[in-house]
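Counting with our numbering, you get residues 10 to 365 for the letters of the sequence shown.
Cβ coordinates follow ideal geometry from the N, Cα and C atoms, glycine included.
From a predicted model like this one, the values you see are computed outputs, not experimental measurements.
Below is one structure; the comments refer to it alone.
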Amino acid sequence: MTIVRAAFFIIVIVFLGFSDVRGAELVPITTVPDNPANPVTPEKVELGKKLFFDRRLSGDGTMSCATCHNPEKGYTDGMAISLSYPTTKNWRNAPTLINVAFSRPLFWDGRARGLEEQALFPIMSAFEMNQNLDFLEEELKAVPEYVEAFRVVFGGEITRERIAMAIAAFERTIVSRNSPLDRYLMGDRDALNPIQKKGLDIFVGKGRCVLCHNGPNLTDNRFYNLGVPDNPVLKNDPRVMATMKFTAKISGYTAYNLLTEDPGRFLVTKDPRDWKAFRTPTLRDLALTGPYMHNGVFKDIEEVIDFFDRGGGDSPYKTELLKPLGLSREEKEALKAFLLDALQGETVPVSPPDLP
Ligand code: HEC
Ligand code: HEC
10 MTIVRAAFFI IVIVFLGFSD VRGAELVPIT TVPDNPANPV TPEKVELGKK
60 LFFDRRLSGD GTMSCATCHN PEKGYTDGMA ISLSYPTTKN WRNAPTLINV
110 AFSRPLFWDG RARGLEEQAL FPIMSAFEMN QNLDFLEEEL KAVPEYVEAF
160 RVVFGGEITR ERIAMAIAAF ERTIVSRNSP LDRYLMGDRD ALNPIQKKGL
210 DIFVGKGRCV LCHNGPNLTD NRFYNLGVPD NPVLKNDPRV MATMKFTAKI
260 SGYTAYNLLT EDPGRFLVTK DPRDWKAFRT PTLRDLALTG PYMHNGVFKD
310 IEEVIDFFDR GGGDSPYKTE LLKPLGLSRE EKEALKAFLL DALQGETVPV
360 SPPDLP
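Right under this line is the structure:
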């Protein structure tokens, strides 16, 4: 009788302990989300790729999208805090564009609804490409190859909306396919080696990672405050602080001048529960995309794993989903092997196009 009762309690405890992990699943990548209002065609992708690499998109002609989303660095710039327009400073980490077609809304705080809307933000941004869109339209119209390409792709002239549409179509082709995890999920039991399999078990079990990192792109596209510490440059470099306050000001936050830390999604919703919440990022091709987090404060995967093992950081409104994990050294090693090796796909190689 006591044994039966004890067994019953153990089952209940196990059930409660993992109940919030149930329903969260890993899914292999098969199809890529499209935008019916902006279908991907080969000619549009070719045009979008040219624009993505074209420095005409920046005010002083020094920067293209690829400057900060460099295909050779996993579509990031490899910096903790991203590059910026000359004499200004950026304030956040440049996220990878690998599998960005799966993400919505965009940016660490979700302030852009989709790729077509997003593309014009960095072009106009004072601390990124600092370009004037009316001027850019005229600049591109002065290039016969672009005039012809827009006519073929869109049946009309060059507009800012079409510039954004072409870039978005190109971005939807940046997909990480056929990683060991995908092959494993599609039935190839040998696609993961024993240590990677152990890492996967921790990812979906004891590590609770799958609570937020799930679905085909290993993200639920939701926002959480994990208590990630601010990058010290925010307080130490007045130009970084100026960029933050400027961003808060144009978001319509009237008390922007009192800010001393990155408020995250709060700037978009103005809801205190979103204070310092950031969007769950993809973990695909993770080995290529460090440093990590919205402000690059963790330089490598070991630091990230240690952070989650501690149950995250310290912040009011920190999510209740993080708890100390008590991972052993071997378990951390297995998790690391899974994250760095099993999530590495065959990204289509992209070389800079010939520009008109
Ligand atoms: C000066 C560096 C820089 C340049 C140039 C730049 N970006 Fe970014 N990009 C960033 C940073 C930093 C972020 C994150 C900003 C944030 O979340 O607040 C970002 C975010 C993004 C995102 C959102 C990704 C996600 O997962 O939410 C997309 C898409 C993107 N950039 C595309 C582009 C395109 C297209 C161009 C060219 C038109 C471009 N970027 C130019 C630095 C740059
Ligand atoms: C409560 C949801 C949640 C859980 C659980 C969670 N993560 Fe995350 N993860 C996030 C969010 C949100 C971020 C971005 C936080 C930020 O930048 O401030 C993130 C960032 C990361 C990053 C950095 C990626 C990058 O490109 O910068 C890695 C790596 C990561 N998580 C791995 C893990 C692992 C491994 C686990 C389990 C041990 C885990 N996460 C558990 C939500 C979660």
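Closest Cα partner of residue i within the set the options
i: Thr39; options: Arg282, Arg186 and Gly216; result: Arg186
i: Arg231; options: Leu209, Asp69, Phe287 and Ala351; result: Phe287
i: Lys258; options: Pro238, Lys279, Asn223 and Asp239; result: Lys279
i: Pro203; options: Ala346, Arg192 and Glu52; result: Ala346
i: Gly70; options: Glu148, Lys82 and Pro80; result: Glu148
i: Ile314; options: Leu267, Leu292 and Tyr326; result: Leu292
i: Asp143; options: Ser260, Gly119, Arg169 and Val156; result: Arg169
i: Val357; options: Arg160, Ile183 and His303; result: Ile183
i: Ser112; options: Glu126, Pro290, Gln140 and Pro153; result: Pro290
i: Asn304; options: Glu342, Glu270 and Lys207; result: Glu270
i: Gln205; options: Lys58, Gly354 and Asp350; result: Asp350
i: Gly208; options: Ser337, Pro325 and Met133; result: Ser337
i: Arg64; options: Val277, Glu81 and Gln140; result: Gln140
i: Phe61; options: Gly164, Ser260, Ala173 and Pro114; result: Ala173
i: Leu243; options: Ser360, Thr105 and Leu268; result: Leu268
i: Val277; options: Pro325, Asn223, Cys221 and Pro114; result: Pro114
i: Tyr326; options: Leu348, Pro153 and Pro281; result: Pro281
i: Asp210; options: Val359, Leu348, Met302 and Pro37; result: Leu348
i: Glu342; options: Val359, Glu312 and Met302; result: Glu312
Beta-carbon gap between residue i and residue j smaller than 9 Å
i: Pro189; j: Leu352; result: yes
i: Pro300; j: Ala33; result: no
i: Trp117; j: Met253; result: no
i: Pro48; j: Ala178; result: yes
i: Ile310; j: Leu331; result: no
i: Val156; j: Asp239; result: no
i: Leu297; j: Phe212; result: no
i: Thr328; j: Gly335; result: no
i: Ile107; j: Gly123; result: no
i: Leu364; j: Lys59; result: yes
i: Phe316; j: Cys218; result: no
Own chain residues within Cβ distance below 6 Å of residue i, not counting five before or after
i: Pro131; result: Glu137 and Met138
i: Lys308; result: Pro300
i: Ala158; result: Leu56
i: Arg192; result: Ala200
i: Val152; result: Pro365
i: Pro37; result: Asp191, Leu194 and Met195
i: Met302; result: Val237
Neighbour-count burial assignment, residue i, 16 or more Cβ in a 10 Å radius
i: Glu340; result: buried
i: Ser67; result: buried
i: Ala128; result: buried
i: Met195; result: exposed
i: Pro272; result: buried
i: Asp323; result: exposed
i: Gly216; result: buried
i: Asp283; result: buried
i: Glu180; result: buried
i: Ala264; result: exposed
i: Arg274; result: buried
i: Ser134; result: buried
i: Asp197; result: exposed
i: Gly119; result: buried
i: Asn266; result: exposed
i: Glu355; result: exposed
i: Glu81; result: exposed
i: Glu125; result: buried
Neighbourhood of residue i by C-beta, 7 Å cutoff - its chain only, sequence neighbours within 5 removed
i: Arg31; result: Any reading at Arg31 must be qualified, since the residue scores a pLDDT of 49, below 50, and its modelled position is unreliable; the value itself is stated next. There are no such residues.
i: Glu146; result: Ile167, Thr168 and Arg169
i: Arg319; result: Pro333
i: His222; result: Thr228, Thr289 and Leu292
Residues near residue i in its chain [Cβ-Cβ closer than 8 Å; skip 5 each side]
i: Val162; result: Thr50, Glu52, Lys53, Leu56, Arg171 and Ala175
i: Asp86; result: Thr76, Cys77, His78, Asn79, Leu92 and Ala103
i: Arg160; result: Glu166
i: Ser366; result: No statement about residue 366 is possible, as the shown extent of the chain runs from 10 to 365 and does not include it.
Interface flag, residue i vs chain B, CB-CB below 9 Å
i: Arg231; result: This model lacks chain B altogether, as it is built from one protein chain only.
Margin query: So, does the stretch 75-82 touch the stretch 208-227, judging by three or more C-beta pairs under 8 Å?
Written below: no
Note to self: Tell me whether the stretch 233-243 and the stretch 39-59 touch, counting them as touching only if at least three CB pairs, one residue from each stretch, are closer than 8 Å.
What the structure shows: Judged by Cβ distances under 8 Å, the stretch 233-243 makes no contact with the stretch 39-59, as fewer than three pairs qualify.
Check: Should the stretch 246-253 be regarded as contacting the stretch 91-104, the criterion being three or more beta carbon pairs within less than 8 Å?
Finding: yes
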